[in-house]
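Each protein sequence line maps, in turn, to chains A and B.
Using my numbering, read the first sequence as starting at 563 and increasing by one per residue.
Using my numbering, read the second sequence as starting at 957 and increasing by one per residue.
Cβ atoms here follow ideal geometry from the backbone N, Cα and C, with glycine treated the same way.
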Amino acid sequence: MSLKHDIEFTLNGVKRQASVDVTMNTLAMLRDVIGLTGTKYGCGEGECGACTIQVDGVSLNSCLMFAVDCDGRELTTIEGLANDSKADALREAFVEHGAVQCGFCTPGMIMQADHLLHKHPHADAECVKRGIEGNLCRCTGYKKIVDAIVAAEDGQRTAP
Amino acid sequence: MTELKHYFAPTSLDQAVECLKDGDVTILAGGTDLTPQSQAGRIRIKRTLMNIRHIPQLSGITLEGREIRIGTLATITEIMEHPLVRQHLPVLVEACNHFASDQIRNAATLGGNICNASPAGDTLIPLLLLDARVELASMPEAKLYRHSMPLATFFVGPGKTRRSLCELLTCVRIPLPGEGHVAHFHKLGTRPALDISTISIGIGGTLREGVLTNVRVAFGAGGTGARGAEARCRHHRQGRRHRPRRGRTDRRRARHRLVSQGNDP
């Protein structure tokens, strides 16, 4: 039988406990144990960024993180950001610019964009391109995504 | 062959090295390599999985006398953004900037990059150029024992280091580069982001009046196959040249050596 370990962490602002397989990754815990399926499994190797979440304020690939390593930490997933008014500008910009096509990369892309904009409040297109290097999109060709992220920041900056 | 029986997250260095005495422990730091490799079955996790994240002595970047100490748990992002590193070790910032993606830089640790000892490890080249030393802790008797060695002698082959199973890499110490020190890192891959280096090289030295002295060349990835890999590790240990040479010439020579090595059948 596989080895289990009990962990306690904050998920989208709410304290959670979980009993997880020691070898399980955080992505599998989110999707299969907790049931939050907004975070996507793309490659399982940190190449595609579809599984991007934020841990203690920085973006990470949840497929590259052991679930037991979530113990005592603060996790935010796309479900948490969906209920956060701070992300409104980003969400609206993605819709306005047609930055969503099949949508599979979108949760990871939004999580990474949100982290990027926190870190670089005045991000231009070049900065955005560097920031989303770890997120693959096979539909849009990236231009609309980059435009949306730059515009979201513009929107946030001009908002009262 | 034993299977995974324990998970342990020590909160002090003493607890960690005590646990390592067993010799059957897999160490978890950032997890960016261990997670996918173990899930794909390429690495077998030993009897104990020890998560060192909660040990405060293993974090931080500080100036101690004439050297910069980087804790083994420092992430690539922390290193490339730290004012001390940006001021004194720009070649390390340069290499960190070419490291994987933002998400991976936020999680991957310096200690992990060193202990994996991949010839393609992007931080290894600047650290070799900068004469970094690694500090190892163990508990041979009842007391904590620390010793250090130059990074250049730490690597013995691709994926192999002189760290014994009972030792923990606690930090890297880098002497402050002297006046006129220059160094650059170059990596070639098939795309800019997330690329595992196919060729990586660094060159450093002291530049005075257009003459480069104390030249040091470090090779990382280059070509494939065990033969090339062994040659690469020898290059890690060599590379110091005392005779003054014009920088450009030396750099060109270094490239020639690397290319011929890469084309070796």
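Using a CB distance below 8 angstroms, the part of the segment 1014-1048 of chain B facing chain A consists of T1033, ordered along the chain.
In the three-state reduction of the DSSP assignment, B:G1160 falls in the strand class, which pools E and B.
Here B:Q1059 has no same chain residue with a Cβ atom under 7 angstroms from its own Cβ, once five neighbours each way along the sequence are excluded. Interface with chain A (7 angstroms Cβ-Cβ cutoff): B:T988 is included.
Across the structure, B:D1087 and B:L1048 are spaced so that their CA atoms are roughly 12 angstroms apart.
Note on geometry: alpha-carbon atoms of B:T1065 and B:T1031 lie some 4 angstroms from one another.
For the segment 1010-1068 of chain B, the continuous beta strand (DSSP E) assignments of 3+ residues that do not extend past its boundaries occur at 1017-1020 and 1023-1027, in sequence order. Residue pairing for A:L637: DSSP places it in a beta bridge opposite A:L573 and A:V617. Taking C-alpha positions only, B:L984 is separated from B:N1007 by approximately 5 angstroms.
Between B:D1078 and chain A, the shortest Cβ-Cβ separation is not below 7 angstroms. The alpha carbon of B:L969 has as its nearest neighbour, out of B:S1104, B:L1144 and B:A1093, the alpha carbon of B:A1093. DSSP places A:I694 in no beta strand (DSSP E); its state is neither H nor E. Rounded to the nearest whole angstrom, the C-alpha separation of B:E1037 and B:L1100 is 32 angstroms. Secondary structure at A:N645: coil, using DSSP grouped into helix, strand and coil. Listed by position along chain B, the residues whose Cβ is nearer than 9 angstroms to that of A:C625 are T991, P992 and Q995. Around the beta carbon of B:R1061, 16 or more other beta carbons sit within 10 angstroms, so the residue counts as buried. In this model, B:P1114 and A:V576 are separated by some 44 angstroms (Cα to Cα). Within the same chain, G1027 come within 6 angstroms of B:G1016 by CB-CB distance, once the 5 residues on both sides are set aside. Counting along the chain, no beta strand (DSSP E) covers B:P992; the unbroken alpha helix (DSSP H) around it starts and ends at L990 to Q995. Taking each of A:L592, A:D646 and A:G670 in turn and checking the Cα distance to A:C632, the smallest one comes out for A:L592.
Among the residues of chain A, those whose CB is under 7 angstroms from the CB of B:A1063 are L622, L626 and M627, following chain order.
With a threshold of 7 angstroms between beta carbons, B:Y963 makes contact with chain A.
In terms of beta-carbon proximity, B:Q1059 lines the interface with chain A, with at least one pair separated by less than 7 angstroms.
Burial state of B:G1160 is buried, judged by a 10 Å Cβ sphere holding 16 or more other Cβ atoms.
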